[in-house]
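One structure is given below, encoded as structure tokens.
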Amino acid sequence: MTGDELQKLLEPTIERLGYELTDLEVRLSGKGGLLRITIDKPDGIGLDDCEKVSHAVGALLDVADPVQSDYNLEVSSPGLDRKLTKVEHFQRFEGETLKITMRFPIEGRRRFRGTLVSSDDKNIVVEVDGESHSLPLSMIDTARLVPEGA
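FYI, in the numbering used here the residues of the sequence shown are 71 to 220.
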């Protein structure tokens, strides 16, 4: 099962519990594979939230059995340097500082660190040292918030 298929399986259960699935990391090579789920909600995530989602997702995975190898299930909060993975994330954090790595060079570079000026369904605009750069969402490898003072 692909990561996208797994996300489609898990997302409804997580949303019914009142959380947003913000990221899903699947590494199933060899022994000791990993299934890391990152959740969020408007007032933040605590340990009880992670436990609640872990129990529900664990039960769902036991019944559906979509993963054919051994893995550890981890449920966590996005943290201060949260990864932005959806259009809604970029829209929510306009005005914040981001660190972005592109899949391929844009304007001769792969890494950008600057203020998120705007976003839409296809692009984000980041201001780096007073210069605006339009970056296609489809070409972003990773985008993370930069915590204040970092």
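Just so you know, even glycine gets a beta-carbon here, dropped at the ideal spot from N, CA and C.
### First through last residue of the beta strand (DSSP E) which encompasses E201
E201 to P206
### Query
If you follow the beta strand (DSSP E) that E197 is part of, which residue opens it and which one closes it?
N193 to V198
### Whole-angstrom C-beta distance between V216 and S202, which should lie under 8 Å
18 Å between Cβ atoms; not a contact.
### Query
Can you name, in chain order, every residue of its own chain whose Cβ lies under 7 Å from the Cβ of R97, other than the five neighbours on each side?
G103 and L104
### Query
Under 8 Å between the Cβ atoms of G149 and T167?
no
#### Entry: Beta-carbon proximity list for G88, same chain, < 7 Å, skipping 5 on both sides
K111
### Query
Helix, strand or coil: which one does DSSP assign to V216?
coil
### Message
On the CB-based measure, 16 or more other CB atoms within 10 Å of its CB, does L205 come out buried or exposed?
### Response
buried
### Task
Would you kindly work out how many angstroms separate the C-alpha atoms of V157 and S146, rounded to a whole number?
21 Å
#### Entry: the segment 77–91 contacting the segment 120–128, beta-carbon criterion three pairs below 8 Å
yes
### Query
For the alpha helix (DSSP H) that S124 lies in, which residues bound it at each end?
L117 to A134
#### Entry: Those residues which DSSP pairs with R181 across a bridge
T171
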